[in-house]
Amino acid sequence: MSRSLRQFFVLFLLLIGLQCWTVLGRADFGERRQMLALGVAIVLTLIPRVRKAILSAAERLRAPSPRARILTAIAIATISSVYLFATARFQHRDFAPIVHDEYVYLIQSKILATGHLWLPPHELGDFFDSFHLITDRVYASKYGPGAALAYAPAMMLHLPNGLTPLLLSGIAVGLLYLLATEVLDGGSGLLAALLLLSLGMFRRTSIMVLSQAPMLVLALLAMLAFVHWRRGRGAGWMVLLSAAAGWGIITRPVDGACVALPLAVAVLIELRDASARQRVRTILVALVATAPFLGLQALYNKGVTGRLTELPWTYYALRNDPYDTMGDKPLDTRLLPPDLLPQKQALIDEFTRPAFRTKLGQSRSDRVLDRASKLLAGPPSTEEEPGRRIYGALPSPLLIALLPLGLLAMTNRRYWMLWAPLPLFILIYANYSYFFPHYAVAMAPAIILMQLGGAAAIRSTWPGTGSILALAVIALSVSALPELNPTRRDQWFDAPFLRQVDRTLATIDRRPAIVLFKYDPERSVHEEPVYNVATAWPDDAQVIRAHDLGGDRDGELFAYYARRSPGRAVYRLDEKDGQLTYLGTAAELDHRATTQTLPRP
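Next comes the structure, spelled out in structure tokens:
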């Protein structure tokens, strides 16, 4: 392509990018401090000495040696983990569980740490029923076992819950540096690491026991392994690629499939010129490396649902929330129990059913645009709390303008399989009832590589723009950090009720104990206290948390523990006023229940 034609083509794609920013980014410039930082960066590049220093540094960083890359990646991973911990402390974030999913992943990891994928159903399963837990056939999580595999070692060693996601998040930053350095250059690798740290959705999940941190590491490992495999066709890289892809699929099925499918297609394309023997060998290696993880999921399906092909997620949705679906119709409601836990019914009424109806009110193209916009620019400001702004997979919506150009750059470099997960992800999630920013964490590498690919295309077209682009990306990223931008706070939501419950239960002096929670319909349905995360099995907890089902049902609980732990103290916690009342021991209450009606407060 001639120079003039290339310049025209790049300008044309930048105009398309600006249109994308108008539509997907809602023409949002970001906060004032970001615009101020961007202006300062542009002014600095007008100073010849500064511009020369930046270009000189970029040249030195562009092609690091293999040893320098590894050492730099280790340093970045270490510094990132320390920063993520420090920024969470700076923001006074909760290191204790907040959302339902965290509690369930903790329980699942504790179960796996005991050497089991699930536990048998509890005789008092109704008392321990909660969001995302299956308690009728077995005692297990609705989620696949992939995330629990990552968290179980820390549970076995009794390490802090937030340590594993923190370390995994730091490792992800280091891996992204390696990937961007392999695909683009060393300077882009450093910018990629900074861009990832600048994302609120990434910082948010860095201390939370969720599936995002393990999935991001697995996605990056699979991508890196493919880049290296393509160069030498080594079997070891194919084992790593396939194992990471298989583990990712049982960690977050949609994200894992979006990453694995383009890589699988790319491998087959690369093998078209190989011998028949090499093709068979490569495919067999991939299948063998993937099989243990898919087999583990099949085993989990069978144990939890009774069927090899039915996911526990589907089993749970059919019986607890028919609107949590990818379809345009609710799931079969015949399996929905008439005595559904009131908290679960409240979640349906307040959240999932309205979200489902909103989805039905949109055309498919509108849903695709909605998911793409929320993924790239985050939810509209009207849907976010003041002072708690979480943008999407970009530190500023302005950077959306680089994506069309980045798409071309990544295609020209034959790395289409690294950004291909993004459109697949958007198309699949366009069918889902709702979308949260942290869902997109595993797509961050694809978006970041496209941004930097676009910047590289501009730099190669107009060599003098390299310093401006580098400083612009740095300015927008640094000004998105909470330490410099008070409107960015990474906590999902504050959980005063949960933290008050933790403090109240810590004061219990009669142990072992049971606390019956009397549900308050007025409290937030997102703050559910009835999870037993200290141990794999509820009965092993020093303070057991259970629902107060009232009347004869509570009598069943007293009789059960009177046989097994007669001296266990029983309390009732009224969620409305936080009052904790001592009722007696399990033996005393069982005796009282069999001789007279238990008085209700």
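Following this note's numbering, the residues of the sequence shown are numbered contiguously, the last one being 601.
Idealized CB from N, CA, C, for every residue including glycine.
This one's a predicted model, so the numbers in the text were calculated from it and none came from an experiment.
Residues near residue i in its chain [Cβ-Cβ closer than 7 Å; skip 5 each side]
i      : result
Leu218 : Ala244, Trp247, Gly248, Thr251
Arg600 : Bear in mind that the predicted position of Arg600 carries a pLDDT of just 48, short of 50, making it too unreliable to give a figure here.
Ala446 : Leu418, Trp419, Pro421, Leu422
Ala154 : Leu163, Thr164
Arg62  : Asp185, Gly186, Gly187
Leu221 : Leu175, Leu240, Ala244
From the options, residue whose alpha carbon lies closest to that of residue i
i      : options                        : result
Arg602 : Ser130, Val50, Ser188, Phe128  : Outside the displayed span of the chain (1 to 601) sits residue 602, for which this structure offers no information.
Val82  : Arg334, Asp321, Val173         : Val173
Gly454 : Leu516, Leu407, Ser4           : Leu407
Leu341 : Pro566, Val23, Leu549          : Leu549
Leu516 : Glu556, Asn485, Thr487         : Glu556
Pro160 : His547, Pro145, Ser109, Ser141 : Ser109
Leu580 : Ser524, Ala147, Val525, Lys518 : Lys518
Gly578 : Arg568, Arg503, Thr135         : Arg503
Met443 : Ile283, His228, Leu216         : Leu216
Arg6   : Leu360, Ala457, Ala513         : Ala457
Asp321 : Ala355, Glu385, Pro437         : Ala355
Trp313 : Ser2, Pro145, His547           : Pro145
Asn485 : Gln34, Ile16, Ser4, Gly17      : Gln34
Tyr316 : Glu383, Gly125, Leu133         : Leu133
Leu360 : Pro386, Ser381, Glu383, Met326 : Met326
Gly464 : Pro386, Ala53, Leu71, Val23    : Ala53
Asp273 : Ala289, Ala260, Arg230, Asn301 : Arg230
Identity of the residues DSSP links to residue i by a beta bridge
i      : result
Ala140 : Ile134
Leu119 : Tyr139
Arg545 : Val515
Arg488 : BP columns for Arg488 are empty, so no partner.
Arg572 : Leu516, Thr581
Proximity of residue i and residue j at Cβ, strictly below 7 Å
i      : j      : result
Leu55  : Ser467 : yes
Gly200 : Asp490 : yes
Pro121 : Tyr139 : yes
Ala192 : Leu176 : yes
Ala534 : Ile111 : no
Leu403 : Cys258 : no
Ala393 : Leu375 : yes
Leu573 : Val543 : no
Asn532 : Arg545 : yes
Ala559 : Asp509 : no
Gly170 : Ala77  : yes
Ile428 : Val254 : yes
Ala343 : Val525 : What sits at residue 343 in the sequence shown is Gln, not Ala. Result yes, Cβ atoms of Gln343 and Val525 sit closer than 7 Å.
Ala430 : Arg367 : yes
Ala147 : Tyr105 : yes
Ala377 : Pro397 : yes
Asp101 : Leu210 : yes
Glu621 : Thr309 : Residue numbering for the chain in the displayed model covers 1 to 601; residue 621 lies beyond these limits and cannot be assessed.
Val501 : Pro482 : no
His438 : Phe127 : no
Ala152 : Ala96  : no
Pro512 : Arg568 : yes
Close Cβ partners of residue i (< 6 Å) along its chain, the five nearest in sequence each way excluded
i      : result
Met417 : Pro262, Leu263, Ala266
Leu195 : Ile448, Ser477
Pro566 : Ala586, Ala587
Ala150 : Pro214
Tyr582 : Tyr571
Pro64  : Gly186
Assumed close pair residue i, residue j - CB separation to whole angstroms, cut-off 8 Å
i      : j      : result
Ala593 : Val570 : Contact flag wrong, Cβ pair sits at about 11 Å.
Ala480 : Trp21  : Actually they do not touch by this definition, with Cβ atoms about 16 Å apart.
Asp328 : Ser433 : That belief does not hold up - the Cβ atoms of Asp328 and Ser433 are roughly 10 Å apart, past 8 Å.
Val280 : Trp118 : Val280 to Trp118, Cβ: 37 Å. No contact.
Glu527 : Leu498 : 5 Å
Trp492 : Arg204 : 6 Å
Leu179 : Met223 : 6 Å
Ile390 : Glu383 : Between Glu383 and Ile390 the Cβ distance is about 10 Å, and since that is not below 8 Å, they are no contact.
8 Å Cβ shell around residue i - same chain, five flanking residues per side excluded
i      : result
Val285 : Ala235, Met238, Val239, Ser242
Leu318 : Leu331, Asp332, Leu335, Leu336
Ala472 : Leu38, Ala41, Ile42
Gln451 : Leu195, Leu394, Leu399, Leu402, Leu403, Gly406, Val473
Ser198 : Pro395, Leu476, Ser477, Val478, Ala480, Leu481
The ligand PLP heavy atom lying under 6 Å from the CB of residue i
i      : result
Gly187 : In the structure on display, the ligand PLP does not appear, and there are no ligands present to speak of.
Any chain C beta carbon closer than 7 Å to residue i
i      : result
Ile468 : Absent from the structure is chain C; it holds one protein chain and no more.
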